[in-house]
């Protein structure tokens, strides 16, 4: 799912590797993945809960389907890290699937994985393995096929000639005006797909890259990414932090939404700062699709920088993750979990950033908006 990811929206800094310059020549670039096993065994606690084993198998199956495509072969032809090949990634997925089907105990599975697989740890944002995790989700909003007094803010189809637009592309303000209501006056006229009741909701759909929409006639419509203008993503949350509206350690998606609900005039100031504009298409009720072209799985799919990380590969993450409590509150608990690298995002850059796909709907959005934690990322490949 082309995204940009929830707390990317909230202004978290994108972690980048910095290369040093010597007096005469550039230093050789350091690998972003290094063979390093976790210091303590990391068992997937989800495997003992409900249908989580099946969701893991489903996610592995999607990665295996991707690995059978010509595009996956091309993606690995020039992969920079020695020892991580298309064949090894595919064999690792196949063997891991066998183990998950055969072994019922999470602890026994962990021991088998430790015995048969080699761990490659991401160097993270600091060179020592620290990875910033955020969450993303597929929102569900009310929408209308026709504009009304209540539903005024459109999502747009991609212009047929988008590929031929001259550089620089029109900005967000150029396309929809500072108030988000002027799209019918320019090149987007006639491209309206649906109308939403909230400008912020329409903007968040652009950030997430897909949505499920409850239409006024009682039907449900799913929309997905169809293209974008050629600007880098610019975080509205970061702009609010830079302007002193929020402290960096306090900002969350619920807080950001509450701020704009109380200060709707601020939307006209802050939303145009993200000059990128995203277009949509109807997806016929299909599940959320990742950048590899296959469905992503709630709690099991991650988004990373695909210029560095191995697409479709099996991984293990460990991080503090908000968990719903019986009283309805959220409590952050440290977890480890097997995941599949199946997506990317405009704000996910460098080896120190990972976005975890949480799922669809209100609760998924609430949980995703609370994720802003440092953890670790390991890729798992069969020993050779």
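Residue numbers (UniProt numbering): 1 to 384.
Virtual Cβ for every residue (Gly too), placed ideally from N, Cα, C.
Residue i in three-state terms, based on DSSP
{"i": "residue 106", "result": "helix"}
{"i": "residue 229", "result": "coil"}
{"i": "residue 296", "result": "coil"}
{"i": "residue 336", "result": "strand"}
{"i": "residue 125", "result": "coil"}
{"i": "residue 30", "result": "coil"}
{"i": "residue 364", "result": "helix"}
{"i": "residue 181", "result": "coil"}
{"i": "residue 53", "result": "helix"}
{"i": "residue 24", "result": "Note on residue 24: pLDDT 34, under 50, position unreliable in the model; no value is reported."}
{"i": "residue 399", "result": "The chain is shown only over 1 to 384; residue 399 falls outside these bounds and no answer can be derived."}
{"i": "residue 70", "result": "helix"}
{"i": "residue 58", "result": "helix"}
Alpha-carbon spacing of residue i relative to residue j, whole angstroms
{"i": "residue 388", "j": "residue 297", "result": "No information on residue 388 is available, as it lies outside the stretch 1 to 384 that the chain covers here."}
{"i": "residue 98", "j": "residue 135", "result": "29 Å"}
{"i": "residue 335", "j": "residue 245", "result": "32 Å"}
{"i": "residue 193", "j": "residue 260", "result": "25 Å"}
{"i": "residue 104", "j": "residue 382", "result": "20 Å"}
{"i": "residue 209", "j": "residue 230", "result": "15 Å"}
{"i": "residue 341", "j": "residue 375", "result": "16 Å"}
{"i": "residue 145", "j": "residue 120", "result": "48 Å"}
{"i": "residue 90", "j": "residue 357", "result": "22 Å"}
{"i": "residue 247", "j": "residue 112", "result": "44 Å"}
{"i": "residue 317", "j": "residue 56", "result": "14 Å"}
{"i": "residue 251", "j": "residue 130", "result": "21 Å"}
{"i": "residue 213", "j": "residue 205", "result": "10 Å"}
{"i": "residue 61", "j": "residue 293", "result": "13 Å"}
{"i": "residue 291", "j": "residue 78", "result": "19 Å"}
{"i": "residue 364", "j": "residue 219", "result": "21 Å"}
{"i": "residue 132", "j": "residue 355", "result": "9 Å"}
{"i": "residue 115", "j": "residue 47", "result": "19 Å"}
{"i": "residue 69", "j": "residue 343", "result": "16 Å"}
{"i": "residue 286", "j": "residue 201", "result": "21 Å"}
{"i": "residue 370", "j": "residue 176", "result": "30 Å"}
{"i": "residue 181", "j": "residue 262", "result": "20 Å"}
{"i": "residue 155", "j": "residue 100", "result": "41 Å"}
Cβ-based neighbour list, residue i, same chain, cut-off 6 Å, excluding 5 preceding and 5 following
{"i": "residue 84", "result": "310"}
{"i": "residue 16", "result": "The pLDDT assigned to residue 16 is 27, lower than 50, so where the model puts this residue is not dependable; a value taken from the coordinates is nonetheless given after this. These residues qualify, in order along the chain: 350."}
{"i": "residue 233", "result": "4, 276, 346 and 347"}
{"i": "residue 58", "result": "297"}
Residues near residue i by beta carbon distance below 8 Å, same chain, minus five either side
{"i": "residue 391", "result": "Nothing can be reported for residue 391, as the shown portion of the chain is limited to 1 through 384."}
{"i": "residue 284", "result": "222"}
Closer than 7 Å: residue i CB and nearest the ligand SAM heavy atom
{"i": "residue 96", "result": "You won't find the ligand SAM in this model; it holds no ligand whatsoever."}
Beta-carbon contacts of residue i that lie in its chain and below 7 Å, excluding the five residues immediately before and after
{"i": "residue 362", "result": "140"}
{"i": "residue 107", "result": "43"}
- Just checking, does the segment 311 to 324 make contact with the segment 181 to 194 on the three C-beta pairs under 8 Å criterion? no
- Message: Which runs of the beta strand (DSSP E) at least 3 residues long sit entirely within the segment 129 to 158? Give them in chain order.
- Response: 131 to 138, 140 to 144 and 153 to 156
- Item | Any 3 or more C-beta pairs closer than 8 Å across the segment 264 to 279 and the segment 152 to 172 | yes
- Ignoring anything shorter than 4 residues or poking outside the segment 241 to 290, list the alpha helix (DSSP H) runs there in chain order. 253 to 262 and 265 to 270
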